[in-house]
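>
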Amino acid sequence: MTKKSEGKKLKEQLEFSFEHIGNTHPEDVEKAIEFCEEYKTFMDVSKTERECCSYVKGLAEKQGYKAFSAGKKYKSGDKVYFINRDKNIILVTFGKKPLEEGVRFNIAHIDSPRLDLKPFPLYEKDEVAYLKTHYYGGIRKYQWGTIPLAMHGTVMLKDGTKVSICVGEDDNDPKFVISDLLPHLSAKQNKRPLNEGLKGEELNIIIGNIPYQDEEVKEKFKLQALKLLNDRFGMTEKDFTRAEIEMVPAVKAADIGFDRSLVGAYGQDDKVCAFTAVKAAFEITAPEFTIITVLTDKEEIGSEGNTGMASKALAHFVEDICESFGAKPRNVYRHSMCLSSDVNAAYDPTFADVFDKHNSSLLGHGPVLTKYTGARGKSGSNDASAETMYKVISFMEKEDVCWQIGELGKVDEGGGGTIALFMGDMDVDTVDLGVPVLAMHAPFEITSKLDIYHTYKAFCAFYR
Ligand code: MN
Ligand code: MN
0 MTKKSEGKKL
10 KEQLEFSFEH
20 IGNTHPEDVE
30 KAIEFCEEYK
40 TFMDVSKTER
50 ECCSYVKGLA
60 EKQGYKAFSA
70 GKKYKSGDKV
80 YFINRDKNII
90 LVTFGKKPLE
100 EGVRFNIAHI
110 DSPRLDLKPF
120 PLYEKDEVAY
130 LKTHYYGGIR
140 KYQWGTIPLA
150 MHGTVMLKDG
160 TKVSICVGED
170 DNDPKFVISD
180 LLPHLSAKQN
190 KRPLNEGLKG
200 EELNIIIGNI
210 PYQDEEVKEK
220 FKLQALKLLN
230 DRFGMTEKDF
240 TRAEIEMVPA
250 VKAADIGFDR
260 SLVGAYGQDD
270 KVCAFTAVKA
280 AFEITAPEFT
290 IITVLTDKEE
300 IGSEGNTGMA
310 SKALAHFVED
320 ICESFGAKPR
330 NVYRHSMCLS
340 SDVNAAYDPT
350 FADVFDKHNS
360 SLLGHGPVLT
370 KYTGARGKSG
380 SNDASAETMY
390 KVISFMEKED
400 VCWQIGELGK
410 VDEGGGGTIA
420 LFMGDMDVDT
430 VDLGVPVLAM
440 HAPFEITSKL
450 DIYHTYKAFC
460 AFYR
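Its first residue numbered 0, the sequence shown is counted upward by one per residue in numbering that gives the first Met the number 0.
Structure representation (structure tokens):
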């Protein structure tokens, strides 16, 4: 054995770098692959916020969670859930410590970028029946042409009947599609800037091409499509005005790579954090502090509305649980901690120039701890304190969780936000932690199974 030089010893003492989990914890590769089998199923049945909410409710009931009832007395170890307008679910496990010593919030969002139908969407043009769309969240429009789409949603019929729609997910279902030009005729389109490759008004969904058999009627193709919608869901054209219909990629979650190291799926932003948060909540059954896992909505359009985090819905719920224990909500918030569990952009070697690699999250290096989000001069950011960063890093390292830091991209390149600022507003120490994602907001996003598994481990550590 040669003796280490002074410089080498000093380097080891003073320097720090983040490693691929496959190097430091090779034994976790199999565990991560196994852990993600259930994750893929979860993704396939949770494509919209309503579906995710209802699926998690079912899982929670199997774990012994009961619907929360205001005014009821609860004790340490009790597990309850609360559903807000079928689009948020809050899971609570009451801890051993009094509420006023603070709770552990973990908040992930279950809405994802997609194409919503316009309120009056149905038309025919030159013998093709179409639905017009209005995109929801930040999408790159050109990515949505020529991929199979599925229709999900809720329609309120005239008589008040609520009908759930899901077409295109079953192997036997038809799918829907947006057309694009063939290369032979796209010389002019090719000169458009990429953000206009497909324009908003060109995101029209093909739903039929057979005419209704009656010489007397006009717009036979539209009528035929309406008839089929009516046969299947009992709806008429007017019912579109009372509907929320979301078009999403009709693709199933899949392993990516010969080594199956990655998951490809639609909507991993942010259902990958929702899944890991829910699994961790199920795992930690006797926490010290009360744990409150919130799956929220509307994050992709700014968290507005009564199912988004800008609303008082969570505050009202916390007031309700405080009443049950005779606690003051403001004391609870003041002593609480929150993980704003949302994805961040993974460094993409193919598009390296938009990242500061030194401050980017890499696939396979674990959940990414994001001190601040925002754009340019941290505008719109929560910017966690040094003390909060200390607490989060400490609980992760105590349980051998691999983690990394990361900014979204180069300082002047763009930006984005999460729900962290809303929890900051509520007087809660908050920081962002989540899974790095390649091709975020694309119809098919990519994550690392090692990152997913270690995010789950991080959430377990936080709850414990
Ligand atoms: Mn997100
Ligand atoms: Mn997003």
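Beta carbons: idealized from backbone N, C-alpha and C, even for Gly.
Using only the alpha-carbon positions, how far apart do residue 160 and residue 241 sit?
Roughly 11 Å between the two C-alpha positions.
> Nearest to residue 55 by CA position, among 400, 69 and 80, is which residue?
The residue with the shortest Cα to Cα distance from residue 55 is 80.
> Judging by CA-CA distance, which residue of 366, 34 and 287 is the nearest neighbour of residue 77?
The shortest Cα separation from residue 77 among 366, 34 and 287 belongs to 287.
> Between residue 52 and the rest of its own chain, which residues show a CB-CB distance below 8 Å, the 5 nearest in sequence each way excluded?
Closer than 8 Å at Cβ, skipping near neighbours: 82, 85, 86, 87, 88, 109 and 294.
> In the DSSP assignment, find the unbroken alpha helix (DSSP H) run with residue 313 in it and report its ends.
Run containing residue 313: 312-324, per the alpha helix (DSSP H) assignment.
> Which same chain residues, not among the five before or five after residue 208, have their C-beta less than 6 Å away from its C-beta?
Closer than 6 Å at Cβ, skipping near neighbours: 127.
> Please output, in chain order, the residues near ligand 2 using a CB cut-off of less than 6 Å to any non-hydrogen atom of the ligand.
Those residues are 268, 299 and 440, given in chain order.
> What would DSSP say about residue 26, mapped onto helix, strand or coil?
Reduced to three states, the DSSP call for residue 26 is coil.
> Keeping to the same chain, check which residues put their C-beta closer than 8 Å to that of residue 392; ignore five residues upstream and five downstream.
Cβ within range, chain order: 368 and 402.
> Around the C-beta of residue 430, are 16 or more other C-beta atoms found within 10 angstroms, so that it is buried, or is it exposed?
It counts as buried.
> Using C-beta distances below 7 Å, list every residue in its chain close to residue 456, excluding the 5 sequence neighbours before and after it, in chain order.
Around residue 456: 398 and 400.
> Run the proximity test for residue 446: is its beta-carbon closer than 7 Å to any non-hydrogen atom belonging to ligand 1?
No, Cβ of residue 446 sits at least 7 Å from all heavy atoms of ligand 1.
> Using DSSP with H/G/I as helix, E/B as strand and the rest coil, what is residue 392?
Of the three classes helix, strand and coil, the one that applies to residue 392 here is helix, per DSSP.
> Label residue 112 either buried or exposed according to how many other C-beta atoms from any shown protein chain fall within 10 Å of its C-beta, with 16 as the threshold for buried.
Under this definition residue 112 is a buried residue.
> When you measure from the CB of residue 342 to every non-hydrogen atom of ligand 1, does any distance come out below 7 Å?
At least one heavy atom of ligand 1 is nearer than 7 Å to the Cβ of residue 342, so yes.
> Using only the alpha-carbon positions, how far apart do residue 319 and residue 70 sit?
Straight-line Cα distance between these residues: approximately 7 Å.
> For ligand 4, is there a heavy atom less than 7 Å away from the beta-carbon of residue 417?
For ligand 4, the structure offers nothing, since it holds only ligand 1 and ligand 2.
> Can you give the beta carbon distance from residue 418 to residue 106, rounded, assuming they're within the 8 Å contact cut?
Yes, they are in contact, since the Cβ atoms of residue 418 and residue 106 sit about 6 Å apart, within 8 Å.
> Give the range of the beta strand (DSSP E) segment to which residue 113 is assigned.
Residue 113 -> beta strand (DSSP E) spans 113-124.
> Measuring CA to CA, which of 307, 349, 361 and 28 is closest to residue 422?
Residue 422 has its Cα closest to that of 307, out of 307, 349, 361 and 28.
> For residue 454, name the three-state secondary structure that DSSP assigns.
Looking at residue 454 - three-state DSSP - the assignment turns out to be helix.
> Hey, could you find the ends of the beta strand (DSSP E) residue 161 is sitting in?
Per DSSP, residue 161 belongs to the beta strand (DSSP E) from 161-166.
> Taking the Cβ atom as the reference point for each residue, do residue 379 and residue 420 lie within a distance shorter than 8 Å?
A contact, by the Cβ cut-off of 8 Å.
> Taking 8 Å as the threshold (C-beta atoms), are residue 42 and residue 264 in contact?
Going by C-beta atoms, residue 264 is nearer than 8 Å to residue 42.
> Report buried or exposed for residue 389, applying the criterion of at least 16 other Cβ atoms within 10 angstroms of its Cβ.
Flag for residue 389 reads exposed.
> Among 29, 205 and 271, which residue has its Cα nearest to the Cα of residue 150?
Selected option, being the one with the closest Cα: 205.
> Candidates 244, 344 and 251: which alpha carbon is nearest residue 48's?
Comparing Cα positions, the closest option is 244.
> Along the chain, where does the alpha helix (DSSP H) that runs through residue 329 open and close?
That run of the alpha helix (DSSP H) goes 328-333.
> Please state whether DSSP places residue 183 in a helix, a strand or coil.
Three-state result, residue 183: helix.
> Pull the bridge partners of residue 363 from the DSSP assignment, please.
Paired residues: none, contrary to the question.
> Considering only heavy atoms of ligand 1, does any lie closer than 7 Å to the CB of residue 133?
No, ligand 1 has no heavy atom inside 7 Å of this Cβ.
> Does the Cβ-Cβ distance between residue 73 and residue 104 come in under 8 Å?
No.
> Judging by CA-CA distance, which residue of 267, 114, 98 and 157 is the nearest neighbour of residue 325?
Of the listed residues, the one whose Cα sits closest to residue 325 is 98.
> Could you spell out where the alpha helix (DSSP H) holding residue 224 opens and where it closes?
Looking at the DSSP string, the run of the alpha helix (DSSP H) that includes residue 224 is 219-232.
> Closer than 7 Å to a non-hydrogen atom of ligand 1 - does that hold for the CB of residue 334?
No.
> Identify the residues that DSSP records as bridge partners of residue 134: which are they?
Partner(s): 114.
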